[in-house]
Amino acid sequence: MTTETAARIALPGGEMLAWSDLPEQRLPDGGPLAALAARVVPAGARVLLAGPHDPALLTRLAHAEVTCLLRSHPDGVALADRGARVVVGGPAGLPAGETFDVVIAAAGLDAVESVEGPRLGWDGVLDRLVRALRPGGTLLLRLDNPLGVQRLVATAPWYADRADSAWTVGGVLDTGRPANPEQLRARLAGAGLQPGVCFAAYPDPNAATALVAADELDRRPTSGLFDAVLHGACADGAGDATVLQDPARLAVDALHAGLGSALAPGWLLLARRPADPDAGSAPAGGLPLTDDPALPVALVQTGPPGIGVVEVVDGPDGWRWRVTGRVSRPEPAPFATREVAYRDAGALDGPVPEGRLLRTLLLDACLRRDPDTLRRLLRGYASWLAAGADRDGRLGGAVALAGTDNVVVAGDDHAVLDPSWRAAAPLDVDVVLARGLWRFAAALLTGGYAHPWPSTLDVAGLTVVLGGLAGRELDRATVDAAIEAEAAVSAALRGLDADGRVRLATELRAVEPTDPPAGPRSYQQLREAWVRQREELTRLAALLKWTEELLTSRERALRRADATINLLSGSLSYRVGRLAITPARLAKRGARAAKRRARQALDQRGPREEQQ
Numbered sequence: 005m006t007t008e009t010a011a012r013i014a015l016p017g018g019e020m021l022a023w024s025d026l027p028e029q030r031l032p033d034g035g036p037l038a039a040l041a042a043r044v045v046p047a048g049a050r051v052l053l054a055g056p057h058d059p060a061l062l063t064r065l066a067h068a069e070v071t072c073l074l075r076s077h078p079d080g081v082a083l084a085d086r087g088a089r090v091v092v093g094g095p096a097g098l099p100a101g102e103t104f105d106v107v108i109a110a111a112g113l114d115a116v117e118s119v120e121g122p123r124l125g126w127d128g129v130l131d132r133l134v135r136a137l138r139p140g141g142t143l144l145l146r147l148d149n150p151l152g153v154q155r156l157v158a159t160a161p162w163y164a165d166r167a168d169s170a171w172t173v174g175g176v177l178d179t180g181r182p183a184n185p186e187q188l189r190a191r192l193a194g195a196g197l198q199p200g201v202c203f204a205a206y207p208d209p210n211a212a213t214a215l216v217a218a219d220e221l222d223r224r225p226t227s228g229l230f231d232a233v234l235h236g237a238c239a240d241g242a243g244d245a246t247v248l249q250d251p252a253r254l255a256v257d258a259l260h261a262g263l264g265s266a267l268a269p270g271w272l273l274l275a276r277r278p279a280d281p282d283a284g285s286a287p288a289g290g291l292p293l294t295d296d297p298a299l300p301v302a303l304v305q306t307g308p309p310g311i312g313v314v315e316v317v318d319g320p321d322g323w324r325w326r327v328t329g330r331v332s333r334p335e336p337a338p339f340a341t342r343e344v345a346y347r348d349a350g351a352l353d354g355p356v357p358e359g360r361l362l363r364t365l366l367l368d369a370c371l372r373r374d375p376d377t378l379r380r381l382l383r384g385y386a387s388w389l390a391a392g393a394d395r396d397g398r399l400g401g402a403v404a405l406a407g408t409d410n411v412v413v414a415g416d417d418h419a420v421l422d423p424s425w426r427a428a429a430p431l432d433v434d435v436v437l438a439r440g441l442w443r444f445a446a447a448l449l450t451g452g453y454a455h456p457w458p459s460t461l462d463v464a465g466l467t468v469v470l471g472g473l474a475g476r477e478l479d480r481a482t483v484d485a486a487i488e489a490e491a492a493v494s495a496a497l498r499g500l501d502a503d504g505r506v507r508l509a510t511e512l513r514a515v516e517p518t519d520p521p522a523g524p525r526s527y528q529q530l531r532e533a534w535v536r537q538r539e540e541l542t543r544l545a546a547l548l549k550w551t552e553e554l555l556t557s558r559e560r561a562l563r564r565a566d567a568t569i570n571l572l573s574g575s576l577s578y579r580v581g582r583l584a585i586t587p588a589r590l591a592k593r594g595a596r597a598a599k600r601r602a603r604q605a606l607d608q609r610g611p612r613e614e615q616q
């Protein structure tokens, strides 16, 4: 540690010398939390970062004067090397009388208190941070949900956590801390603050890739935008981890049941300390506490090829997209095929279309065994695609990649939800339709959803059936071309080379209804895949048994016929009949030979006469 670094570190006591709290999972540029903090913190404000945060947050707050309050001495050295002022120890070590315009405790209050110093408890830590907040200042506080989606799908119970960081395990039984936003608002009001906007954090409060206004989640449970955001955040956040059930499906079901905010893994709540009435003007950092247009409705971290954090803001004409980050398109892989898809950040500069997600509507109709609704939805989808095709029947731009998971339906109107995904070259309209239907069929069959079609259909066969419902005659050749297009698009977006694209296409063709779905290893879905495999094996065993019985019966019939022939061949009547037939056969053969010789003689005589 250099002298300059040591000068930035204050050690009032209570520091933990052999401990680190900095998060292992980090998002580009700090993710949605950093984007929200950058909006909350005005230029020139004095900011206190209470607890461990992603160091990228310091970069996003370069326009402010930041002080970090940490309990870990190694973490303090790391942040001091980046030029930050650091106080290492518990909240009791904050300099008396020093106040800040904004206090950010986006890691919760448990990670603020040091085990090496005096223990204040949750309310005590909150009280100390409130006293460090100047009148009119803003507090951004995180609260984890003891009944959030991440706990409901975890394979290990929360109360059995034996990790080094879990020397205390809190739950709903601990009345010393709040367990939901209502209780948190009550605690904040009791501490002299005015609670404001609350954001639901998905899929993990330690690394939230989606922050959505909790009031809007409760107000719009049928929003196609929220459907896609929660599903995408939970599906990408789980990765290939082992869970009890699919967190993406649970989050979407919670949204539709009006529990999207109640089952959120965590919450970020804004609160403000009332301004001093004797002061001449409100200090920097004071923010409106109602639904303010300056605060976005949602902040979503995009995946590769990323465009940073995408915001959804509420304006006079409804919700609109807004891009805050820089476009980061990956370099093409060596020997990569021609790029067929890309992401255009400039396309996210318009209104967010309203309506329900087409994938959700189709799943609902399948579960309810409603062929009329399925036919209406699929024909509307196919007609919408056909209406956008050119004279050659080809589609380009965002519509060429518009699958059922990126199309919203409002009445008879269809629209692309995220228009930033675009095709570099036009695609045949039947291939576009088959690609969207194949993706839905694969999710339907591998996900184990109930549907009204025979269980013997494979993914390609179900795609053809769905195309028939849509009023289009798709064949397996078109489906194969759609799989090639899917592999090409995925390869371009993931930066795969030509060999990777070929391997991906082979994997997609090999998808079977008995396979578990892609994504997290869900015990529930793995069991359903096992049930489907057992049913398929039972069907194949019955078919094999029937085939063996058929072969056995045919073999017995052949044996009986052979015995009959042998019996008849040794009888007197058979011998007499053969003696009578033999001369006739010989005479017939002789007549044929004579006729053949006569024809040859005539053929030879003809050329001789011509020569004469």
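Just remember that my numbering sits 4 ahead of the position in the sequence shown, which is counted from 1.
Cβ atoms here follow ideal geometry from the backbone N, Cα and C, with glycine treated the same way.
Looking only at its own chain, which residues have a Cβ that is under 6 Å from the Cβ of R363, when we skip the five neighbours before and after it? Take R363, set aside five residues on each side of it, and the residues of its chain with a beta-carbon closer than 6 Å to its own are T408, D409, in chain order.
Counterpart residues of I13 in DSSP-defined beta bridges: I13 is bridged to V90.
Use the C-beta contact count for G350: other C-beta atoms within 10 angstroms, 16 or more gives buried, fewer gives exposed. Answer is exposed; the Cβ neighbour count stays below 16.
Since P2 is in the alpha helix (DSSP H), which residue starts that stretch and which ends it? No statement about residue 2 is possible, as the shown extent of the chain runs from 5 to 616 and does not include it.
Can you list, in chain order, the residues of its chain whose CB lies under 8 Å from that of T71, leaving out five sequence neighbours each side? Within the same chain, T71 has close Cβ partners R50, V51, L52, L53, A88, R89, V90, V91, F104.
Please report the distance separating the alpha-carbon of G228 from that of E511. Near 30 Å, if we compare the C-alpha coordinates of E511 and G228.
Nearest to P93 (by Cα), restricted to the options V107, A109, G121: According to the sequence shown, residue 93 is Gly rather than Pro. With distances taken between Cα atoms, G93 lies closest to G121.
Exposed or buried, what is T6 when buried is set at 16 or more other beta-carbons lying within 10 Å of its beta-carbon? Label assigned to T6: exposed.
Sub-8 Å separation of A486 and A438 beta-carbons: Judged by beta-carbon spacing, A438 lies within the 8 Å limit of A486, meaning their Cβ atoms are closer than that value.
Between G472 and the rest of its own chain, which residues show a CB-CB distance below 8 Å, the 5 nearest in sequence each way excluded? L478, listed in sequence order.
Cα-Cα separation, L151 to A158: Between the alpha carbons of L151 and A158 lies a gap of roughly 11 Å.
Contacts around P287, its chain only, beta-carbon distance under 8 Å, and the 5 residues preceding and following it disregarded: Per-residue confidence for P287 stands at a pLDDT of 47, beneath the threshold of 50, marking its modelled position as unreliable; the derived number appears in the next sentence. Counting only residues of its own chain and dropping the five nearest sequence neighbours on each side, P287 has a CB closer than 8 Å to the CB of D105, R138, P139, G140, G141, A279.
If L273 and P199 are in contact, beta carbons under 8 Å, what's the gap, nearest whole angstrom? Confirmed, Cβ separation roughly 6 Å.
Considering only the beta carbon of each residue, do L259 and L299 sit closer than 8 Å? It is not a contact, given that the beta carbons lie outside the stated cut-off.
State the start and end residues of the unbroken beta strand (DSSP E) segment that holds Y206. 198–206 is the extent of the beta strand (DSSP E) around Y206.
Determine, using beta-carbon pairs with one atom in the stretch 231–244 and one in the stretch 210–217, whether at least three such pairs fall under 8 Å. A contact exists between the stretch 231–244 and the stretch 210–217.
Where L461 falls: helix, strand or coil (DSSP): Under the three-state reduction of DSSP, L461 is assigned to coil, being neither helix nor strand.
To the nearest angstrom, report how far apart A445 and L466 are at their CA atoms. Going from the Cα of A445 to the Cα of L466 covers about 6 Å.
Quick one: is A565 buried, meaning 16 or more other Cβ sit within 10 Å of its Cβ, or exposed? Label assigned to A565: exposed.
Please classify Q608 as buried or exposed, where buried requires at least 16 neighbouring CB atoms within 10 angstroms. Exposed is the call here.
Among G359, G112, P36, which residue has its Cα nearest to the Cα of A217? Residue P36 is the option with its Cα nearest to A217.
Residue ranges of each alpha helix (DSSP H) within the stretch 457–539, 4 or longer: Correct list: 463–473, 480–498, 502–513.
Starting from the C-beta of Q249, find all residues in its chain whose C-beta is less than 6 Å away, skip the five residues before and the five after it, and write them out in chain order. Listed in chain order, the non-local C-beta contacts of Q249 below 6 Å within the same chain comprise V157, S526, Q528, local neighbours out to five positions each way being set aside.
Which residues share a DSSP beta bridge with D318? D318 is bridged to W323.
Contact defined as beta carbons within less than 8 Å: I believe P456 pairs with R373. What is the distance between those atoms, to the nearest angstrom? Contact holds; Cβ gap of about 5 Å.
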